[in-house]
Amino acid sequence: MEDKYYTESHKKAIDRYDKDFNNTEKNVHNKADSNSKKAYAFAIPAVVIALLLIAFIGIALTGSVKKAVKKSAITNNYTEISNKIYSYLDSSSYKELSDYSDEIDALDNKAFDKEYSVLMGVRYYVWSVGFMNTNDSDNYNLTQSDVSNLAYYLSQFYYYTQLSAYKDKEVTMTSDNEKYLNKMREDMGVLLKKYYHITDEDLEAIDTFSSARIEQCLIQRG
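The sequence shown maps to residues 1 to 222 in UniProt numbering.
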């Protein structure tokens, strides 16, 4: 005859086992599902970052290739471009030449080492004029910042329009370049005398002036 106590006890034990098993299985599934969601959540940003990195590298490479192709095309048309540069200089079209030089990256292209000195002079000529109040009858109402910037770019202009600035550089200095540099200095002198009352004596010594000394001179003459 079957022991009733044993049967009930056994049944309770089996029920507890089934309950524990089911709870354990449920916990395992829940944990696995949670880990899967976390892994998925981390995977998405990683994939996005990887795609962005690939896109960035692709853009950088494309930009480099385009720049190289552009530089090669410019170099292959050197004679035509050089003639255009000197045509701008002949007409004292300094702003137009500065814009053109930036457009073709001439100062970063060794093919234009012969034009380097005049292009540097033009760059600082235009930047200096950019800080002048040439459209205002009262040209001394400049802010302190404007005066300081004008003085700085003038110091750079007068430095880069001296032959000595290119003595140790691998650039070709020609008699024509020297003529154009001197013409730029004359044109700058006209502007400084007209708008800032700079004297001939100032201009004769300005090569030796620091940026601070030029700033002081601009303020005193004004």
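By construction, the Cβ of each residue, glycine as well, lies at the ideal position given by its N, Cα and C atoms.
Distances from the alpha-carbon of Leu107 to those of Met120, Asn177, Asp187 and Ile74 put Met120 closest. DSSP places Met188 within a helical segment (H, G or I) once states are collapsed to three. Proximity of the stretch 152-160 to the stretch 117-131 meets the contact definition, three or more beta-carbon pairs being nearer than 8 angstroms.
Boundaries for Leu107: no alpha helix (DSSP H) harbours it, and the DSSP string shows neither H nor E there. Contact between the stretch 177-196 and the stretch 156-166 is present, with at least three C-beta pairs closer than 8 angstroms.
With respect to Thr79, Ala111 sits apart: the two C-beta atoms are not nearer than 7 angstroms. By alpha-carbon distance to Ser72, the top candidate from Glu170, Asp105 and Ser91 is Asp105.
Here the alpha carbons of Asn109 and Met132 stand approximately 30 angstroms from one another.
Counting along the chain, the unbroken alpha helix (DSSP H) around Phe157 starts and ends at Gln144 to Tyr160.
In terms of Cα proximity to Arg213, the closest of Ile54, Val147 and Leu191 is Val147. Here Ile198 has Leu192 and Arg221 as same chain residues with Cβ atoms under 6 angstroms from its own Cβ, once five neighbours each way along the sequence are excluded.
Membership of Val122 in the alpha helix (DSSP H) is indicated by the continuous run Tyr116 to Val129. Around the beta-carbon of Glu115, 16 or more other beta-carbon atoms lie within 10 Å, marking it buried. The criterion of a C-beta distance shorter than 7 angstroms is not satisfied by Tyr158 and Ile219. In the same chain as Val118, and ignoring 5 residues on each side of it, the C-beta atoms closer than 7 angstroms to its own belong to Leu89, Asn177, Tyr180 and Leu181, in chain order.
Ile206: not part of any alpha helix (DSSP H); DSSP gives it neither H nor E. Per DSSP, the unbroken alpha helix (DSSP H) holding Leu89 starts and ends at Tyr78 to Asp90. Contact check for Asp187 and Ser92: beta-carbon distance about 6 angstroms, within the 8 angstroms limit, so the pair qualifies. Straight across, the Cα-Cα distance linking Gly189 with Asn77 is about 35 angstroms.
Burial is judged here by how many other beta carbons sit within 10 angstroms of a residue's own beta carbon; Leu97 has at least 16 and is buried.
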